[in-house]
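Colleague: Would you mind keeping the following structure in view while I ask a few things?
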Amino acid sequence: MLEELSSHEWKAWSLKHDGAITAALFLKQFVDEKVQWMHIDLAGPVWNDKKRAATGFGISTLVDKT
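Under full-length UniProt numbering, the sequence shown has 47 at position 47, and the numbering climbs by one with no breaks.
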């Protein structure tokens, strides 16, 4: 798949609002089929301007709190 994409196509992808799925499909090319993995896009709410630090929003959904 990657060999078939021209640099023009890569630039066009970056202009759309499908960054999360594009990143996941790109990363999938490098992961063995036997490995369970996921791509989580936290870019939207990751920064809190008031505290000037990363919020970690969404990570709690992956952590076992029991």
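Think of the CB as a built atom: it goes at the ideal place given N, C-alpha and C, for glycine as much as any other residue. Bear in mind that the values here come from a model prediction, so they are computed numbers and not experimental data.
Counting only the same chain and skipping the five closest in sequence on each side, list residues whose C-beta sits under 7 Å from that of residue 23.
Modeller: To locate residue 23, count along the sequence shown from 1; it is residue 23. Correct list, in chain order: 39, 41.
Colleague: In angstroms with no decimal places, state the Cα-to-Cα distance between residue 26 and residue 20.
Modeller: Taking the first residue of the sequence shown as position 1, residue 26 is located at position 26. Taking the first residue of the sequence shown as position 1, residue 20 is located at position 20. Roughly 10 Å separates the two Cα atoms.
Colleague: Hey, could you find the ends of the alpha helix (DSSP H) residue 61 is sitting in?
Modeller: Mapped onto the sequence shown, residue 61 falls at position 61. Where residue 61 is concerned, there is no enclosing alpha helix (DSSP H), given that its DSSP letter is neither H nor E.
Colleague: Once DSSP output is grouped into helix, strand and coil, what is the label at residue 28?
Modeller: Numbered from its first residue, the sequence shown carries residue 28 at position 28. Here residue 28 sits in helix by DSSP.
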